[in-house]
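See structure below.
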Amino acid sequence: LDGRSFVSTRVLEGGSERPLVPGTRIELSFSDGRLSARAGCNLMGAGYRLEGGRLRLVGNVGMTEMGCDPERHDQDAWLSAFLGSSPRVELRGPRLVLSAGGTELHLLDREVAEPDLPLEGTLWTLETIVRGELASSVPAGLRAELRLWDGRIGGFNGCNRWGGRVVSTEGGVLVLRDVGQTLKRCTGAAAALERDVNALVTAERIAYEITARGLVLRAGERELHFRGQPAPSA
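Its first residue numbered 10, the sequence shown is counted upward by one per residue in the numbering used here.
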């Protein structure tokens, strides 16, 4: 399991389908003895080991504290309890089934279910801003996005259009130069979003990671989380 990520395909309880909250799915990632899990709201994590064909969590389960609707909070609690019940593990190729107490969680290897989108040729739309341990969503009614093409990068930061040169994308590090923008003045939430985007895209070196349709840019204690879709022609 270690080094692999999975996404849910179905959940059964007593042989019947258990519907998930619309627009959500279960995501599990195993890395260096740590399990990370998401059920549509918060990210939870704990150490794990495989023992007697079962998944056993090690230590306390940590969880972010993002505010969500009651349905997704309940789904988080359900997944946390299920993973903490030492479910039986059945792994066959790309398919993983966890089962306990009449519940079966069926998952598929993420690389099979959702191959990573390319960095270039994808329109990346900003969804979440992380500053240290504080995460916030893009304010309603605002947008920020970026795309790369032919050695260039450009996008919208919530207030102005911006662009620059892509010097390198090697080793999971994005190096940009000559970043500039239009000169419209904004206030309030749009100005704050502009500052968050500009603070990151003007950094000397920007670490990036693509997972399926998600892109994370990191510089210092700041992260920008994007969701991708095929970009229109430049």
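The beta-carbon is built from N, C-alpha and C at its ideal position, and this holds for glycine as well.
Practice task
Tell me, please, which residues DSSP counts as bridged to residue 82.
Solution key: Taking the sequence shown and counting its residues from 1, one reaches residue 82 at position 73. Answer is none; residue 82 lacks a bridge partner.
Problem - beta strand (DSSP E) runs contained entirely in the stretch 139-192, provided each spans 3 or more residues - result: 143-146, 154-158, 161-165, 170-177 and 182-190
Problem - Cβ-based neighbour list, residue 212, same chain, cut-off 6 Å, excluding 5 preceding and 5 following - result: Indexing the sequence shown from 1 puts residue 212 at position 203. Counting only Cβ-Cβ distances below 6 Å, and skipping sequence neighbours, we find 228.
Handout entry: Terminal residues of the alpha helix (DSSP H) in which residue 202 lies
Key = Counted from its first residue, the sequence shown places residue 202 at position 193. It spans 197-210 - the alpha helix (DSSP H) in which residue 202 sits, taken as one unbroken run.
Exercise for the section: Would you mind sorting residue 210 into buried or exposed? The rule is 16 or more other CB atoms within 10 Å of its CB. Expected result: The residue labelled residue 210 in the question sits at position 201 within the sequence shown. Buried, by the Cβ-count rule.
Exercise for the section: For residue 34, name the three-state secondary structure that DSSP assigns. Expected result: As a first step, residue 34 must be located in the sequence shown, where it is residue number 25. In this structure, residue 34 counts as coil in the three-state DSSP scheme.
Practice task
Within its chain, find whatever has a CB closer than 7 Å to the CB of residue 22; leave out the 5 residues flanking it on each side and keep chain order.
Solution key: Within the sequence shown, residue 22 is the residue found at index 13, counting from 1. Only 111 and 112 meet the Cβ criterion.
Practice task
Over the uninterrupted alpha helix (DSSP H) stretch that includes residue 119, give me the two end residues.
Solution key: As a position in the sequence shown, residue 119 is number 110, starting the count at 1. Start and end: 119-122.
Practice task
Can you check DSSP and say which residues form a bridge with residue 239?
Solution key: Counted from its first residue, the sequence shown places residue 239 at position 230. 131.
Handout entry: residue 76 and residue 68 closer than 7 Å at C-beta
Key = To locate residue 76, count along the sequence shown from 1; it is residue 67. To locate residue 68, count along the sequence shown from 1; it is residue 59. Against a cut-off of 7 Å, the Cβ pair of residue 68 and residue 76 comes out as no contact.
Practice task
Would you please state the rounded distance, in angstroms, between the beta carbons of residue 126 and residue 103? I believe it to be under 8 Å.
Solution key: As a position in the sequence shown, residue 126 is number 117, starting the count at 1. As a position in the sequence shown, residue 103 is number 94, starting the count at 1. The pair is not a contact, with the Cβ atoms about 19 Å apart (cut-off 8 Å).
Practice task
Below 7 Å CB to CB, which residues in the same chain sit around residue 13 once its five sequence neighbours on both sides are set aside?
Solution key: Taking the first residue of the sequence shown as 1, we reach residue 13 at position 4. Residues 39 and 118 of the same chain have their beta carbon placed closer than 7 Å to that of residue 13, with the five preceding and five following residues left out of the count.
Practice task
Within the same chain, show all residues whose beta-carbon is closer than 6 Å to that of residue 174, passing over the 5 residues directly before and after it, in chain order.
Solution key: By one-based count along the sequence shown, residue 174 stands at place 165. Cβ-Cβ distances below 6 Å link residue 174 to 186 and 187 in the same chain, with the five nearest sequence neighbours on each side left out; the list follows chain order.
Practice task
Give me whichever residues DSSP pairs with residue 72 in a beta bridge.
Solution key: The residue given as residue 72 occupies position 63 in the sequence shown. DSSP, once it has assigned bridges, lists 53 as partnering residue 72.
Practice task
Below 6 Å CB to CB, which residues in the same chain sit around residue 65 once its five sequence neighbours on both sides are set aside?
Solution key: In the sequence shown, counting from the first residue as 1, residue 65 sits at position 56. Around residue 65: 58 and 95.
Exercise for the section: For residue 114, name the three-state secondary structure that DSSP assigns. Expected result: Position 105 of the sequence shown holds residue 114. Residue 114: strand per DSSP, three-state reduction.
Handout entry: Residue from 25, 30, 11 and 18 with nearest C-alpha to residue 43
Key = Position 34 of the sequence shown holds residue 43. Among 25, 30, 11 and 18, the Cα nearest to that of residue 43 is on 11.
Practice task
Please name the residue in 198, 80, 200 and 140 whose C-alpha comes closest to that of residue 226.
Solution key: Reading the sequence shown from its first residue, position 217 is the one you call residue 226. For the residues 198, 80, 200 and 140, the minimum Cα distance to residue 226 belongs to 140.
Practice task
Tell me residue 218's beta-bridge partners as DSSP assigns them.
Solution key: For this step, residue 218 is matched to residue 209 along the sequence shown. Paired residue(s): 225.
Handout entry: Where residue 17 falls: helix, strand or coil (DSSP)
Key = Along the sequence shown, read from residue 1 onward, the residue named residue 17 stands at position 8. Secondary structure at residue 17: strand, using DSSP grouped into helix, strand and coil.
Exercise for the section: Kindly list the residues whose CB is nearer than 6 Å to the CB of residue 48, restricted to its own chain and excluding five residues on each side of it in sequence; keep chain order. Expected result: In the sequence shown, residue 48 corresponds to position 39, counting from 1. Hits under 6 Å: 35, 84, 85 and 88.
Handout entry: Same chain, Cβ closer than 8 Å to residue 121, neighbours up to 5 away in sequence not counted
Key = Taking the sequence shown and counting its residues from 1, the one referred to as residue 121 is at position 112. Within the same chain, residue 121 has close Cβ partners 103.
Handout entry: Proximity winner among 61, 71, 161 and 51, relative to residue 79 (alpha-carbon distances)
Key = On the sequence shown, position 70 is the one that residue 79 refers to. If we check each option's Cα against that of residue 79, 51 comes out closest.
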